[in-house]
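Trainee:
Numbering (our numbering), first residue to last: 415 to 1547.
(1) Among the candidates 1467, 924 and 1437, whose CA atom is the shortest distance from the CA of residue 1255?
(2) So what's residue 648 in DSSP terms, helix, strand or just coil?
(3) On the DSSP bridge assignment, give the partners of residue 1040 in chain order.
(4) Checking 7 Å against the spacing of the C-beta atoms, do residue 1275 and residue 1461 come in under that value?
(5) Is residue 1446 helix, strand or coil by DSSP?
(6) Going by DSSP, name the residue or residues bridged to residue 825.
(7) Residue 1349 and residue 1436 look like a contact to me (Cβ under 8 Å); what is the Cβ gap, rounded to whole Å?
(8) When we look at the beta-carbon of residue 1212 and count the other beta-carbons within 10 Å, is it buried (16 or more) or exposed?
(9) May I ask which residues mark the beginning and end of the alpha helix (DSSP H) holding residue 927?
(10) Using 10 angstroms around the beta-carbon of residue 848, count the other beta-carbons present and answer buried if the total reaches 16, otherwise exposed.
(11) Is it right to say residue 774 is buried, meaning 16 or more other beta carbons lie within 10 angstroms of its own, or is it exposed?
(12) So what does DSSP say about residue 792, is it helix, strand or coil?
(13) Are the beta-carbon atoms of residue 1450 and residue 1474 separated by less than 7 Å?
(14) If you run the structure through DSSP and keep just helix, strand and coil, what is residue 543?
(15) What is the DSSP secondary structure of residue 1289, counted as helix, strand or coil?
(16) What span of residues does the beta strand (DSSP E) with residue 686 cover, start to end?
(17) Thinking C-beta only, is residue 586 closer than 7 Å to residue 627?
(18) How many Å lie between residue 1370 and residue 1387 at the Cα?
(19) Less than 7 Å between the C-beta atoms of residue 553 and residue 798, yes or no?
(20) Which residue's Cα is closest to the Cα of residue 929: 1201, 1380, 1086 and 1115?
(21) Can you tell me which of the three DSSP states residue 1417 falls into?
(22) Between the beta-carbon of residue 1298 and the beta-carbon of residue 1355, is there less than 7 Å?
(23) Span of the beta strand (DSSP E) holding residue 1390?
(24) Grab me the residues of residue 697's own chain with a C-beta within less than 7 Å of its C-beta, minus the 5 sequence neighbours each way, in chain order.
(25) What first and last residue would you give for the beta strand (DSSP E) that runs through residue 1314?
(26) Kindly provide the ranges of any beta strand (DSSP E) runs that are 3 or more residues long and lie completely inside the region 1341-1403, ordered along the chain.
(27) For residue 1060, which residues from the same chain have a beta carbon less than 6 Å from its beta carbon, with the 5 sequence-adjacent residues on both sides left out?
(28) Do the CB positions of residue 1292 and residue 1281 come within less than 7 Å of each other?
(29) When you compare only the Cα positions, how much space is there between residue 1321 and residue 1359?
(30) How is the beta strand (DSSP E) around residue 1271 delimited, first residue to last?
(31) Does residue 1357 come within less than 7 Å of chain D when only Cβ atoms are used?
(32) How about the region 1407-1418 and the region 1489-1505: do they share at least three Cβ pairs that are nearer than 8 Å?
(33) Mind checking whether residue 1272 and residue 1362 have CB atoms under 7 Å apart?
(34) Given 8 Å as the limit, is there contact between the region 1080-1095 and the region 1038-1046, that is, 3 or more CB pairs closer than that?
(35) Look at the Cβ atom of residue 1444, then the Cβ atom of residue 1335, and state whether they are nearer than 7 Å.
(36) What distance in whole Å lies between the Cβ atoms of residue 1055 and residue 859, which are believed to be in contact at a cut-off of 8 Å?
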């Protein structure tokens, strides 16, 4: 049993025992006041005062029987202690029972440290040591979770009361403690030596953050004999003295570094670690009679980081069974250096090694576990299992035993009798579970479970536990990778087996119902309670940073993920494991059997989810499986990658994708998947050198593969129908009413970032959900069992299987407008291997002149090169997926994004007019269609079928509403002939919008292949216009160039670049049209374009209003009514 006195308490609210709290506090304050008054009466009375303080705080075991945690709370308690510490008695009230050496002569100069610059970095609140009662045993109710935040729950309290005196400090501008200390004003005593200055200076008066030294001194007052363990840790050198005198142990205070690393069992020198080094700890235990002693700690900093700490502990151990061992693990004494302690993230360097946030248990904070020793991390109290039906215990641990084959670890679990306050535990009857052994290393936090029910524990029991590490090897060395002894423990959990001994399967009903069904199968992660369906390494949380909607799993919310400890060259694993087993045994090996999933599919099993990531070099993200049980033994579970589930290549490169992307992983690639349930986890592997933002996971779905499906061909999407039937939206892609192409009469468009700007680092895509069977020849597309009979026509408004056709010269077109940050690009990609690899079809490369283009603009992309199917070849080699992607990874500046409308994939149907007489029968090009082609806009009336209409282009007459109040709509009419004319910015008087490139293109191709220059071909049109500052009107022509196979923004496959016929270099040569800024013509004028340079070729023609460099301010000053066009004519002149 424990050697500590036992006082059992239950965890209770702060309100209990309120009267006791108030009386105790009053007594403490009265005692403090009396102590100050009585201090002057001499040592005898002062000693009486000290004894009363002991009694008041319950150190005698009888004075206080309530919960010490209830005595006004920690904050009030330490306020009282601080007041006492800052006003110490003028005379030390302890008798000197044993003669001690005289104190050393004080060094001239300032002693305390200035408060404004001397900054401590404590592990936890460390006020002046005071008399503290032994913490009581606590009875916790299950479920019980310990995240290493409560040291009082364990037998760690080894504090020693050393009196009320504080430390003073002298600072020297050298490493030898020589000469005079630096002068510094406003000195304040130091309550605790626990400092980490990093690369900074302790005080501003020191000339440098390197090459300095400090001498700390204080009086140590002991009221009774104590065995004290002194532990120093420093970067660089440190010595610890008691009642220093020059020449003690042959060593003087200060001086150059010696390289020594020695402790002393007797004499005035306790620790001599006076050398250049990184942070290094040393401990020594001394038994000191009651009395007063002068402690002196010498410290020097050479270069780099600087830190120093000193702790006092009860040197006889904290647990009765802590022991010194011989080489046969036989106990030979109990004066052992057992230093289980709470370790905080950042306490040593900047590492955050704990599993869950903030803290973990470390068997030795700044050094390795001791040689030939046995030490325990023992729960102080027990856990009441009454609320559990089948109790289990889980914990996470890390270990590194190098080649220390004599190191062993155990978990001991025992019954606890709360009715027996003197001997509640008999550890000799405990269940002992062996854990990791020597010669093994594991820095990836490993999860263990213990079946308490199988060990005989029932809901009627109270259970306690302790972790034990022992070694019969005397060769540990934390600076030697092969000689370490390290053990970390975190997140101890006692719970009911129903939390992890359960079976998950594919979602078999609707998704909402699946989230609460016994077998689950779907998690949208928008309810925090869903996290309990997963076993997560500590840092994972449900957060709203990057999501598909609501919340997602985030491995490190609001910061970078955590690596392994920086001095370990090893990976750390951040994992999300399903808190149960994946059971797919009702499906046969071919995908038959079982029941349909929530989508009606009955094929092989798969796991689908959405994810985004930001990974530094060397990091990996995977889906892994194991058949190993969840138990606590010497062998961690062996996890293997699900085939095909390495989500980024192992190429030592940075991998970033800040937009949610959809992933489907076949589960039938796992061996024995349909005969044996298995465990499954998401795993982020992090090396020991770098940290980035991490991994986000959302909408996890276990489902079955459906029958093959295909996109319609021809395909038409006006964005007014169901979104997700045909599209797989990545990131934040969605349908919106924020903007839509006004000409088609709809009210929706697709956008990458509805409601705001896109995110820097995103690479979002809008992807076809199913492939296009361009040749209409894939067997699965004609499988009656799949209710397929070939392509469906998606453009005739009727559809039906078999109503579509194979593609002939297919072309993809859509309208878009964009508002992009610097360096962001738009891509159209294709995949002919079901999304495994992607190739670029078309791209918009960011340009400062047009990255903000606010007019609807048509994109045309030739797909004929994707029709690879040949007789005898695979029938699916022409099956392609298409996606539209915004890549925002190159620059931190972002903007509104891209909007898309009227998406079509269909056969190219060319409308061509051969501009030569019918009587001319060219041997190559045949007879002409006439030497004149005219479009009067009025006839035929379906002008929209003859033109590609971008921007706000429309025709007159235009409905302007009831402007005269007669109850009927009025119309604006402005045309050269008839009633219809093109206008770029209706209605009349409307301003041309700024930041726009507004195009209307004639669908008819003018064929000049059999035209000679002597025919003098010309284009005529009638127009009037009004331009503002930086506006430009253009007539552009693209001649055919069959050798040109590139297709990018403003570059059509098979056509040369667009030629602006009225550019400054051409004006007066090929046209008399002048559409520059600040031009205005209020009456209809005829303009001409000379087509002679294009003879022998086919041409495409368009009219462009360019206000990309315009501004609203200039447009207000000059209305800039825009451009009116009518009666377009091509002919010989």
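Each residue gets a CB set at the ideal place from its N, CA and C atoms; glycine is no exception.
Mentor: Quick answer:
(1) Walking along the chain shown from the start, residue 1255 turns up at place 841. Closest in alpha carbon position to residue 1255, among 1467, 924 and 1437, is 1467.
(2) As a working note, residue 648 is residue 234 in the chain shown. Per DSSP, reduced to three states, the secondary structure at residue 648 is strand.
(3) As a working note, residue 1040 is residue 626 in the chain shown. As a beta-bridge residue in DSSP terms, residue 1040 pairs with 1093.
(4) Taking the first residue of the chain shown as 1, we reach residue 1275 at position 861. Taking the first residue of the chain shown as 1, we reach residue 1461 at position 1047. Here residue 1275 is near residue 1461, since their CB atoms are less than 7 Å apart.
(5) For this step, residue 1446 is matched to residue 1032 along the chain shown. Assignment of residue 1446 by DSSP, reduced to helix, strand and coil, places it in the strand class.
(6) Here the question's residue 825 lines up with position 411 in the chain shown. DSSP lists 847 and 881 as partners of residue 825.
(7) Residue mapping note: residue 1349 aligns to position 935 of the chain shown, counting from 1. Residue mapping note: residue 1436 aligns to position 1022 of the chain shown, counting from 1. Taking 8 Å as the upper bound for CB-CB distance, residue 1349 and residue 1436 are not in contact here, some 12 Å apart.
(8) Here residue 1212 refers to the residue found at position 798 when the chain shown is read from its first residue. In the assembly as shown, residue 1212 is an exposed residue. Its beta-carbon has fewer than 16 other beta-carbons within 10 Å.
(9) In the chain shown, residue 927 corresponds to position 513, counting from 1. If you look at residue 927, you'll find it in the alpha helix (DSSP H) that goes 925-928.
(10) Within the chain shown, numbered from 1, the residue matching residue 848 stands at position 434. Classification of residue 848: exposed, given that the 10 Å Cβ count is below 16.
(11) Translated into positions along the chain shown, residue 774 becomes position 360. Classification of residue 774: buried, given that the 10 Å Cβ count is 16 or more.
(12) What you label residue 792 is simply residue 378 of the chain shown in a count that begins at 1. Strand, per DSSP.
(13) The residue you call residue 1450 lines up with position 1036 of the chain shown. The residue you call residue 1474 lines up with position 1060 of the chain shown. In this structure, residue 1474 lies closer than 7 Å to residue 1450 by Cβ.
(14) As a first step, residue 543 is located in the chain shown; it is residue number 129 there, counting from the start. Here residue 543 scores only 33 on pLDDT, less than 50, and its place in the model is too uncertain to base an answer on.
(15) The count along the chain shown starts at 1 and reaches residue 1289 at position 875. The three-state reading of DSSP puts residue 1289 in coil, since its state is none of H, G, I, E or B.
(16) Position 272 of the chain shown, counted from the first residue, corresponds to residue 686. 683-687 is the extent of the beta strand (DSSP E) around residue 686.
(17) Stepping through the chain shown from its first residue, residue 627 is reached at position 213. Stepping through the chain shown from its first residue, residue 586 is reached at position 172. It is a contact, given that the beta carbons lie within the stated cut-off.
(18) What you label residue 1370 is simply residue 956 of the chain shown in a count that begins at 1. What you label residue 1387 is simply residue 973 of the chain shown in a count that begins at 1. Residue 1370 and residue 1387: Cα-Cα distance of roughly 5 Å.
(19) As a working mapping, residue 553 is identified with position 139 in the chain shown. As a working mapping, residue 798 is identified with position 384 in the chain shown. It is a contact, given that the beta carbons lie within the stated cut-off.
(20) Along the chain shown, one-based indexing puts residue 929 at 515. For the residues 1201, 1380, 1086 and 1115, the minimum Cα distance to residue 929 belongs to 1115.
(21) Along the chain shown, read from residue 1 onward, the residue named residue 1417 stands at position 1003. Three-state DSSP puts residue 1417 in coil, outside helix and strand.
(22) Taking the first residue of the chain shown as 1, we reach residue 1298 at position 884. Taking the first residue of the chain shown as 1, we reach residue 1355 at position 941. At a Cβ-Cβ threshold of 7 Å, residue 1298 and residue 1355 do not count as neighbours.
(23) As a first step, residue 1390 is located in the chain shown; it is residue number 976 there, counting from the start. Careful: residue 1390 lies outside any beta strand (DSSP E) and carries neither H nor E.
(24) The residue given as residue 697 occupies position 283 in the chain shown. Residues 643, 644, 645 and 751 of the same chain have their beta carbon placed closer than 7 Å to that of residue 697, with the five preceding and five following residues left out of the count.
(25) By 1-based counting over the chain shown, the position of residue 1314 is 900. Boundaries of the beta strand (DSSP E) harbouring residue 1314: 1311-1321, taken from the DSSP string.
(26) Along the region 1341-1403, the beta strand (DSSP E) occurs as fully enclosed runs of 3 or more residues at 1347-1349, 1361-1363, 1372-1375 and 1384-1386, listed in sequence order.
(27) Residue numbering aside, residue 1060 sits at position 646 when the chain shown is read from its first letter. Annotation for residue 1060: 1036 place their beta carbon closer than 6 Å to its own, counting only its chain and skipping 5 residues before and after.
(28) Taking the chain shown and counting its residues from 1, one reaches residue 1292 at position 878. Taking the chain shown and counting its residues from 1, one reaches residue 1281 at position 867. Using a Cβ distance threshold of 7 Å, residue 1292 and residue 1281 count as a contacting pair.
(29) By one-based count along the chain shown, residue 1321 stands at place 907. By one-based count along the chain shown, residue 1359 stands at place 945. In a straight line, the C-alpha of residue 1321 is about 16 Å away from that of residue 1359.
(30) Sequence index remark: in the chain shown, residue 1271 carries index 857 (1-based). Judged by DSSP secondary structure, residue 1271 falls within the beta strand (DSSP E) whose first and last residues are 1266-1276.
(31) The question asks about chain D, but that chain is absent: this structure has only one protein chain.
(32) Output reads no: the region 1489-1505 does not touch the region 1407-1418.
(33) On the chain shown, position 858 is the one that residue 1272 refers to. On the chain shown, position 948 is the one that residue 1362 refers to. Taking 7 Å as the Cβ cut-off, residue 1272 and residue 1362 qualify as a contacting pair.
(34) Touching, yes, given that three or more Cβ pairs across the two stretches are closer than 8 Å.
(35) On the chain shown, position 1030 is the one that residue 1444 refers to. On the chain shown, position 921 is the one that residue 1335 refers to. No; because the gap between Cβ atoms is not below 7 Å, this pair is not in contact.
(36) By one-based count along the chain shown, residue 859 stands at place 445. By one-based count along the chain shown, residue 1055 stands at place 641. Wrong, their Cβ atoms sit about 19 Å apart, outside the cutoff.
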